[in-house]
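Heads up: the sequence shown runs through residues 1 to 75, numbered per my numbering. Here the structure is laid out as structure tokens; the discussion comes afterwards.
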Amino acid sequence: MRHPIRLVYQEDAERMLCRALALPRSDSLRVTAEANPPTRLRSTTGWRLQGRSALLEAGASGMEVEPRLEAPLLP
1 MRHPIRLVYQ EDAERMLCRA LALPRSDSLR VTAEANPPTR LRSTTGWRLQ
51 GRSALLEAGA SGMEVEPRLE APLLP
């Protein structure tokens, strides 16, 4: 069984990745989420790698993330 803190970290990474992928293609956070930079440390995994592995485990790695709907601001 995985450590509870690790599960929370993986869920947060998955949520962050999905939110970033739901942004418009011109958004800098989405560009960052889609990038695959080399890792600097072997023992460290970032939110992109953790999020992708969580989606893979859930069987949702090939699914397209729907764009977020913008809520209109009240006048």
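For glycine and all other residues, C-beta sits at the position ideal for the given N, C-alpha and C. Source: prediction; values computed, not measured.
Check	Outcome
Please classify leucine 21 as buried or exposed, where buried requires at least 16 other C-beta atoms within 10 Å of its C-beta.	buried
What is the residue span of the alpha helix (DSSP H) that arginine 6 lies within?	4-21
Count the other CB atoms, across all protein chains shown, that sit within 10 Å of the CB of leucine 7; report buried if there are 16 or more and exposed otherwise.	exposed
Looking at leucine 55 and glutamate 14, is the spacing between their C-beta atoms short of 8 Å?	yes
Compute the distance between the beta-carbons of leucine 23 and arginine 68, then report whether it is under 8 Å.	yes
My understanding is that alanine 33 touches arginine 48, with C-beta atoms under 8 Å, so please give their C-beta distance in whole angstroms.	6 Å
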